[in-house]
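K.L.:
Let me give you the structure first, and then I'll get to my questions.
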Amino acid sequence: GTAGNIVANRLSENPSHSVLASKPAAQMLVFWRLVLWCAHTPQDWNYTMILQTALNGRSLAYTSLFHCALR
Numbered sequence: 001g002t003a004g005n006i007v008a009n010r011l012s013e014n015p016s017h018s019v020l021a022s023k024p025a026a027q028m029l030v031f032w033r034l035v036l037w038c039a040h041t042p043q044d045w046n047y048t049m050i051l052q053t054a055l056n057g058r059s060l061a062y063t064s065l066f067h068c069a070l071r
């Protein structure tokens, strides 16, 4: 996304770095469908934080497929 392009631009300012920025291919859609299909099933690890005041009493769930997803 935009942030990735900004990071790539900053890294490319150093002539000793080579940077390639690319867009996700159609295969990424298959990956995200799999992620959504497996969410909150025995196949995901379901690590959960305690409830967070800053999240209006919600928690962050860390799974094998999602780095974090608001519950």
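Following our numbering, the numbering of the sequence shown begins with 1 at its first residue and continues without gaps. We put the beta carbon where it would ideally sit given N, CA and C, even for glycine. In this text the structure is predicted, and so the values were computed from the model without any measurement.
1. Have a look at Ser59, Ala3, Arg58 and Leu51 and flag the residue whose alpha-carbon is nearest the alpha-carbon of leucine 23.
2. With which residues is arginine 58 paired in a DSSP beta bridge?
3. Shorter than 7 Å, the distance from the beta carbon of leucine 36 to the closest heavy atom of the ligand HEM, or not?
P.N.:
Per the coordinate set shown:
1. A small fix is needed here, since residue 23 is lysine in this sequence, not leucine. Out of Ser59, Ala3, Arg58 and Leu51, Ala3 has the C-alpha closest to the C-alpha of lysine 23.
2. Gln52
3. Looking at this structure, you won't find the ligand HEM or any other ligand, since it has none at all.
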